[in-house]
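This report refers to the structure that appears directly beneath it.
Residue numbers (my numbering): 11 to 161.
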């Protein structure tokens, strides 16, 4: 009578910070392009005058670097396990995205930046940019990392 032998192969998860940082860079580039398109299209469609300080360079910087940081933060979350880290990253990222709506929805808190008052329509200009960046952080980064996980 032959006996069957079952073996369980367990491998330690190998995580590459490079993979997470690359995901952040790609997400940052996509968020930067989308947000720059938005600040060009929105004023044309609505005749809204974009306030000073919101230009191509500032939008690119504030779209790109948070995504790079998000990729590294995602890596740090995943050090405790890929599934658990992904879950925690998505929860904290979702909370962060919702919190990022505070300043556009309550622009009077930005009085130190807009000394002449915050222009009407500021939320309609900025909230979509937060959504674009948040989507890149919460969807594109995990998707890219998962696609390259274990390779």
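The beta-carbon is built from N, C-alpha and C at its ideal position, and this holds for glycine as well.
Tell me which same chain residues have a C-beta within less than 7 angstroms of the C-beta of residue 78, skipping the five on either side of it? Taking the first residue of the chain shown as position 1, residue 78 is located at position 68. So the list reads 31, 34, 35, 38, once near-sequence residues are dropped.
For the alpha helix (DSSP H) that contains residue 140, what are its first and last residues? Here residue 140 refers to the residue found at position 130 when the chain shown is read from its first residue. 132-145 is the span of the alpha helix (DSSP H), which, as asked, contains residue 140.
Contact between the region 45-58 and the region 105-118: three or more CB pairs below 8 angstroms? Put simply, the region 45-58 does not touch the region 105-118. Fewer than three CB pairs are less than 8 angstroms apart.
Excluding the 5 residues preceding and the 5 following residue 138 in the sequence, name in chain order all residues of the same chain whose CB lies nearer than 6 angstroms to its CB. Taking the chain shown and counting its residues from 1, the one referred to as residue 138 is at position 128. Within the same chain, residue 138 has close Cβ partners 48.
Could you check if residue 152 is buried or exposed, using at least 16 other CB atoms within 10 Å of its CB as the buried criterion? Taking the first residue of the chain shown as 1, we reach residue 152 at position 142. Residue 152 comes out buried.
Please report the distance separating the alpha-carbon of residue 101 from that of residue 51. Along the chain shown, one-based indexing puts residue 101 at 91. Along the chain shown, one-based indexing puts residue 51 at 41. In this model, residue 101 and residue 51 are separated by some 31 angstroms (Cα to Cα).
Does DSSP classify residue 68 as helix, strand or coil? If you number the chain shown from 1, residue 68 lands on position 58. Reduced to three states, the DSSP call for residue 68 is helix.
Through-space distance from residue 145 to residue 84, alpha-carbon basis: Counting from one through the chain shown, the residue named residue 84 turns up at place 74. Counting from one through the chain shown, the residue named residue 145 turns up at place 135. Between residue 84 and residue 145, the C-alpha separation is close to 14 angstroms.
Is residue 116 helix, strand or coil when you go by DSSP? As a position in the chain shown, residue 116 is number 106, starting the count at 1. Note: residue 116 maps to coil in three-state DSSP.
Roughly how many angstroms separate the alpha carbons of residue 103 and residue 59, rounded to a whole number? What you label residue 103 is simply residue 93 of the chain shown in a count that begins at 1. What you label residue 59 is simply residue 49 of the chain shown in a count that begins at 1. Roughly 31 angstroms separates the two Cα atoms.
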